[in-house]
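Asker: Right, I'll just put the structure down here and ask away after.
In the UniProt record's numbering, the protein residues as written are 1 to 236.
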């Protein structure tokens, strides 16, 4: 269906609101976001903004979806390049992790909104943020499934048994993601995910201290090696 000039004008205004919201997020932080301030930079009276965005929480939701979408796009772009160079799923998991870190370092405020301290009084609506928010996770689970199918993930010497509750959760994740992998590999994928987020957060939020590591990129490579070996990948 063809869009009307009014539809295009509304879409452009929404884009401008999100763009200004991103700028304010970077400058003032999520807790200080204000629709009045956005309206001022947009060049309209504050009441006009409420025709597009109903509240500060609605603006935060738009920024969360925008952030997850941008992160997913960055990961997908990196994986397309990685797949062209190497079909090895473990190499592609590495590419995903590096793309995740690059985006986070380039967009610390947006990364903080997605993975940092929760904004007081705000709860992201799962029906709107769940899909974009699980996009990278779904890609990671698929790569781990491919790694298992290719024989790239060795079984641990001692496998811990899953409780019925955790096994049911893993079965649901398998069904929702479509990642046909064993319980141990999906648990390993979750181990890798939270380790990756923790390693990147330590870098983005300067948990190491200013003068601790000269080359944090090299440190991340070592952490990545250890994370992959933990889930059964062969050492490089």
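From the three backbone atoms N, C-alpha and C, an ideal C-beta is built for every residue, glycine too. A quick note: this is a predicted structure, and the numbers were derived from the prediction, not measured.
Using the three-state DSSP reduction, which class does residue 44 fall into: helix, strand or coil?
Answerer: Residue mapping note: residue 44 aligns to position 44 of the chain shown, counting from 1. Coil.
Asker: Assuming residue 188 contacts residue 144 (C-beta within less than 8 Å), just tell me the rounded distance between them.
Answerer: The sequence position of residue 188 within the chain shown is 188, counting from 1. The sequence position of residue 144 within the chain shown is 144, counting from 1. The pair is a contact, with the Cβ atoms about 7 Å apart (cut-off 8 Å).
Asker: Looking only at its chain, what residues have a beta carbon closer than 6 Å to the beta carbon of residue 192, apart from the 5 residues adjacent to it on each side?
Answerer: The sequence position of residue 192 within the chain shown is 192, counting from 1. Hits under 6 Å: 227, 231.
Asker: DSSP on residue 156, reduced to helix/strand/coil?
Answerer: As a working note, residue 156 is residue 156 in the chain shown. The answer is coil: DSSP assigns residue 156 none of H, G, I, E or B.
Asker: Mind pulling the alpha helix (DSSP H) runs of 4 or more residues that sit fully within the UniProt domain "HTH tetR-type" (11 to 71)?
Answerer: Listed in chain order, the complete alpha helix (DSSP H) runs (minimum 4 residues) inside the UniProt domain "HTH tetR-type" (11 to 71) are 35 to 42, 46 to 49.
Asker: Mapping DSSP to helix, strand and coil, what is residue 83?
Answerer: Counting from one through the chain shown, the residue named residue 83 turns up at place 83. Three-state DSSP puts residue 83 in a helix.
Asker: Across the stretch 94 to 106 and the stretch 199 to 208, are there enough close Cβ pairs to call them in contact, namely three or more that are closer than 8 Å?
Answerer: With the cut-off at 8 Å, the stretch 94 to 106 and the stretch 199 to 208 touch.
Asker: Based on Cα-Cα distance, which residue from 235, 204, 125 lies nearest to residue 57?
Answerer: Here residue 57 is taken as the residue at index 57 of the chain shown, counted from 1. If we check each option's Cα against that of residue 57, 125 comes out closest.
Asker: Where do the N-terminal and C-terminal ends of the alpha helix (DSSP H) with residue 115 fall, by residue?
Answerer: Counted from its first residue, the chain shown places residue 115 at position 115. First-last of the alpha helix (DSSP H) with residue 115: 108 to 115.
Asker: Output yes or no for whether 8 Å exceeds the beta carbon distance between residue 113 and residue 64.
Answerer: Locating residue 113 in the chain shown gives position 113, where the first residue counts as 1. Locating residue 64 in the chain shown gives position 64, where the first residue counts as 1. Yes, they are a contact pair.
Asker: Count the other CB atoms within 10 Å of the CB of residue 6; is the residue buried (16 or more) or exposed (fewer)?
Answerer: One-based indexing of the chain shown puts residue 6 at position 6. The residue in question, residue 6, is exposed, as its Cβ has fewer than 16 Cβ neighbours within 10 Å.
Asker: Which of helix, strand or coil does DSSP assign to residue 120?
Answerer: Walking along the chain shown from the start, residue 120 turns up at place 120. Residue 120 falls in the coil class under three-state DSSP.
Asker: Please state if the CB of residue 170 and the CB of residue 153 are separated by a distance shorter than 8 Å.
Answerer: Residue 153 sits at position 153 when you count from the first residue of the chain shown. Residue 170 sits at position 170 when you count from the first residue of the chain shown. Cβ atoms of residue 153 and residue 170: not closer than 8 Å.
Asker: What first and last residue would you give for the alpha helix (DSSP H) that runs through residue 146?
Answerer: As a working note, residue 146 is residue 146 in the chain shown. Counting along the chain, the alpha helix (DSSP H) containing residue 146 begins and ends at 135 to 149.
Asker: What would DSSP say about residue 180, mapped onto helix, strand or coil?
Answerer: Stepping through the chain shown from its first residue, residue 180 is reached at position 180. Residue state, collapsed to three classes: coil.
Asker: Near residue 91, what residues of its chain come up, given a Cβ to Cβ distance below 7 Å and the 5 sequence neighbours on each side ignored?
Answerer: Position 91 of the chain shown holds residue 91. Same-chain partners within the cutoff: 82.
Asker: Near residue 75, which residues of its chain fall below 7 Å by C-beta distance, leaving aside the five closest residues on each side in sequence?
Answerer: As a first step, residue 75 is located in the chain shown; it is residue number 75 there, counting from the start. So the qualifying residues of the chain are 96, 99, 100, 136, 139.
Asker: Suppose you measure from the CA of residue 107 to the CA of residue 117; what does that come to, to the nearest Å?
Answerer: As a working mapping, residue 107 is identified with position 107 in the chain shown. As a working mapping, residue 117 is identified with position 117 in the chain shown. Roughly 15 Å separates the two Cα atoms.
Asker: Within the same chain, show all residues whose beta-carbon is closer than 8 Å to that of residue 70, passing over the 5 residues directly before and after it, in chain order.
Answerer: On the chain shown, residue 70 is found 70 positions in, with the first residue counted as 1. Once the five neighbours on either side are set aside, the close Cβ partners of residue 70 are 103, 107, 110.
Asker: For residue 67, which option in 223, 132, 37, 176 has the closest C-alpha, if you only look at C-alpha atoms?
Answerer: Within the chain shown, numbered from 1, the residue matching residue 67 stands at position 67. It is 132.
Asker: Can you have a look at residue 242 and say buried or exposed, based on whether 16 or more other CB atoms are within 10 angstroms of its CB?
Answerer: As shown, the chain starts at 1 and ends at 236. That puts residue 242 outside it, with no answer to give.
Asker: Among 93, 156, 121, 123, whose alpha-carbon lies nearest the alpha-carbon of residue 142?
Answerer: As a first step, residue 142 is located in the chain shown; it is residue number 142 there, counting from the start. Closest by alpha carbon: 93.
Asker: Anyone know if the C-beta pair for residue 17 and residue 53 falls short of 8 Å?
Answerer: If you number the chain shown from 1, residue 17 lands on position 17. If you number the chain shown from 1, residue 53 lands on position 53. Yes, they are a contact pair.
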